[in-house]
Amino acid sequence: MSGSYSNMTITGQEIVISVDFLNENFDLLNLAKFGPVENVKIVIVVQVHNRPNYLANLIDSLRQTKGIEETLLVFSHDINVSPVNELIRNITFSRVLQIYYPFNMQIFPHVFPGQDPRDCPERLGKEAALSSKCKNAEHPDKYGNYRVAKITQIKHHWWWKMNYVFDGVFDRYGLSNAWVLLLEEDHYVVPDALYILTDIIRNRQKYCEDCEIIALGSYLQSFSQYGSTIANLGAHPWYSSRHNMGMAFRRESWLKVKNCSELFCKYDDYNWDWSLMQVVAKCLPKPFRVVFTKSPRVIHIGDCGLHTHRCNAHNTYMSILSIMAKHADLLFPSRLTVSDVR
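Sequential numbering from 0 applies to the sequence shown in numbering that gives the first Met the number 0.
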């Protein structure tokens, strides 16, 4: 019997089917403590790779976020590693669900969508690639570079995650009216983030009736004016590099994007946000508008990442905690004002 099993070959399709089965049957954590998922109005979806130090900081910030116990936390993974799983499975302050992107490089390290050994090196150049007869020689990107699987995986994971949450998780738990808030493992969430998000949702007609997207994050060059704009909102046309952090929207907005799937997937850029920008600019019947917090409630602390390795995650996190302590008395403003409209 053991010999017959050792000679078995599992196909890629069978592996994907197995991961899909696990995704559909993972236990939803802390359900007995916090009650049925059907009551949830905000689903927080975190895209996770393999940076447990950052993830620990994010989880710590979520623990201190007012209203977190009323949400569903969904962690979407592209790698299965014990330190990350342990952090998530020790969460006791909210309902928690883990899902796994099935086409990841851990499962497919040496075949597409992973990095086939026969693939062309990233910067080989087309002429040299054609001479070497590497596998994808005919298909460099618009910059003349060849595909790097660990980079393109981020966009593929993002698209799969969005479809799985809105088509899978939403249908499974009857969440048709919930808002989805998108986070990443290297974000910090301010204690009043959900309070602010709920206020904007409740008063969206007053703040910006035609804004389908809410953005809790923005990229400040300095936090020196954080306190002076802490109760201020802006309403702009959505632009990827300004409004891609801490985005929240509903299923009806996602369906508009999903209807433009071909443009999103075929646009020659590995960034999900720039691909989404093309969809918004070229495919939607009407471009998205966004209402956003002038003082961000989601902050990027990821100095260490895909492109940067000289960094200190702990120091960045501690500096943000210091800024929050300085402005603690100004959080949870009783009234928000739209001060910047374009």
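Don't be surprised by glycine CBs; every beta carbon is placed ideally from N, CA and C.
Output needed for residue i: all residues of its chain with C-beta closer than 8 Å, excluding positions within five of it in sequence on either side, in chain order.
i	result
Met104	Asp77, Ile78, Pro112, Gly113, Gln114, Ala148, Lys149, Gln152
Ala127	none
Lys160	Val44, Gln46, Ser75, Ile98, Tyr100
Glu37	Tyr172, Gly173, Leu174
Ser252	Glu211, Ile212, Phe287
Gln204	none
Phe222	Ile322
Arg296	Val188, Val189, Asp191, Ala192, Ile195, Leu196, Leu215, Gly216, Gly245
Tyr206	Ile199, Leu232, Ala234, Val290, Leu335, Val337
Pro116	His109
Glu68	Phe33, Phe92, Ser93
Asn49	Ile78, Val80, Val83
Output needed for residue i: all residues of its chain with C-beta closer than 7 Å, excluding positions within five of it in sequence on either side, in chain order.
i	result
Ile319	Tyr187, Ile298, Ile300
Gly143	Gly124, Lys125
Phe342	Any answer about residue 342 is impossible in this case: the structure gives the chain only from 0 up to 341.
Asn29	Thr91, Ser93, Arg94, Val95
Lys141	Asp267
Glu121	Asn144, Tyr145, Val147
If we ignore side chains and look at the alpha-carbon of each, how far apart do residue i and residue j end up?
i	j	result
Val83	Val47	9 Å
Glu85	Asp267	36 Å
Ile285	Ser81	Looking at the sequence provided, one finds Lys at residue 285 rather than Ile. Answer to the nearest angstrom: the Cα atoms are 44 Å apart.
Ser227	Val289	21 Å
Tyr342	Thr64	Outside the modelled stretch of the chain, which goes from 0 to 341, sits residue 342, for which no answer is possible.
Leu262	Trp157	15 Å
Ile14	Pro35	31 Å
Ser419	Ile199	With the chain running from 0 to 341 in the structure shown, residue 419 is simply not present.
Ser294	Arg94	28 Å
Val179	Val42	5 Å
Cys12	Lys134	For the sequence presented, residue 12 should be read as Gln rather than Cys. The straight-line gap from Cα to Cα measures roughly 22 Å.
Ser239	Thr8	43 Å
Tyr145	Ser274	18 Å
Val340	Glu208	12 Å
Ala280	Asp118	33 Å
Met317	Tyr269	31 Å
Phe102	Ile87	22 Å
Gly66	Ala136	52 Å
Asn314	Leu329	24 Å
Ala324	Asn89	26 Å
Leu27	Asn202	31 Å
Lys265	Thr70	34 Å
Ala31	Met276	41 Å
Leu254	Leu129	40 Å
Ser17	Phe331	45 Å
Residue range of the beta strand (DSSP E) that residue i falls in?
i	result
Thr336	336-340
Ala247	246-248
Trp237	Where Trp237 is concerned, there is no enclosing beta strand (DSSP E), given that its DSSP letter is neither H nor E.
Gln46	41-47
Leu219	Premise fails: Leu219 is in no beta strand (DSSP E) and is neither H nor E.
Ile298	297-299
Anyone know if the C-beta pair for residue i and residue j falls short of 8 Å?
i	j	result
Ala177	Val39	yes
Phe165	His242	no
Phe74	Val45	yes
Leu232	Ser131	no
Tyr343	His326	The requested residue 343 does not occur in the structure, where the chain is confined to residues 0 to 341.
Ala230	Thr336	yes
Phe25	Leu96	yes
Trp271	Lys154	yes
Glu184	Leu57	yes
Arg250	Phe169	yes
Residue i lies in the alpha helix (DSSP H); which residues open and close that run?
i	result
Val18	11-24
Phe263	260-265
Ser131	125-131
Asn56	51-62
His138	Taken as a continuous stretch (DSSP letters only), His138 belongs to no alpha helix (DSSP H), as it is neither H nor E.
Ala214	Counting along the chain, Ala214 falls outside any alpha helix (DSSP H), though it belongs to the beta strand (DSSP E) covering 212-214.
Thr151	148-162
Leu28	Per DSSP, Leu28 belongs to no alpha helix (DSSP H) and is neither H nor E.
Val278	271-281
Val92	The residue you asked about is not Val; residue 92 is Phe in the sequence shown. Here Phe92 belongs to no alpha helix (DSSP H), and DSSP marks it neither H nor E.
Leaving out five residues on either side along the sequence, give the residues of the same chain with a beta carbon under 6 Å from the beta carbon of residue i.
i	result
Val256	Val278
His306	Note on His306: pLDDT 48, under 50, position unreliable in the model; no value is reported.
Cys259	Val278, Cys282
Leu181	Val44, Met246
Pro139	Lys125, Tyr145
Ser60	Tyr187, Val188
Gly167	none
Is the Cβ of residue i closer than 8 Å to any Cβ of chain E?
i	result
Val15	Among the chains in the structure shown there is no chain E, since it carries only a single protein chain.
May I ask whether a heavy atom of the ligand COA can be found less than 7 Å away from the beta carbon of residue i?
i	result
Tyr145	Ligands in the displayed structure: none, and consequently the ligand COA is not present.
task = Flag this pair as touching only if the segment 52-61 and the segment 17-24 have three or more C-beta atom pairs under 8 Å; answer yes or no.
result = no
query = Does the segment 244-251 come close enough to the segment 206-219 to have 3 or more Cβ pairs within less than 8 Å?
reply = yes
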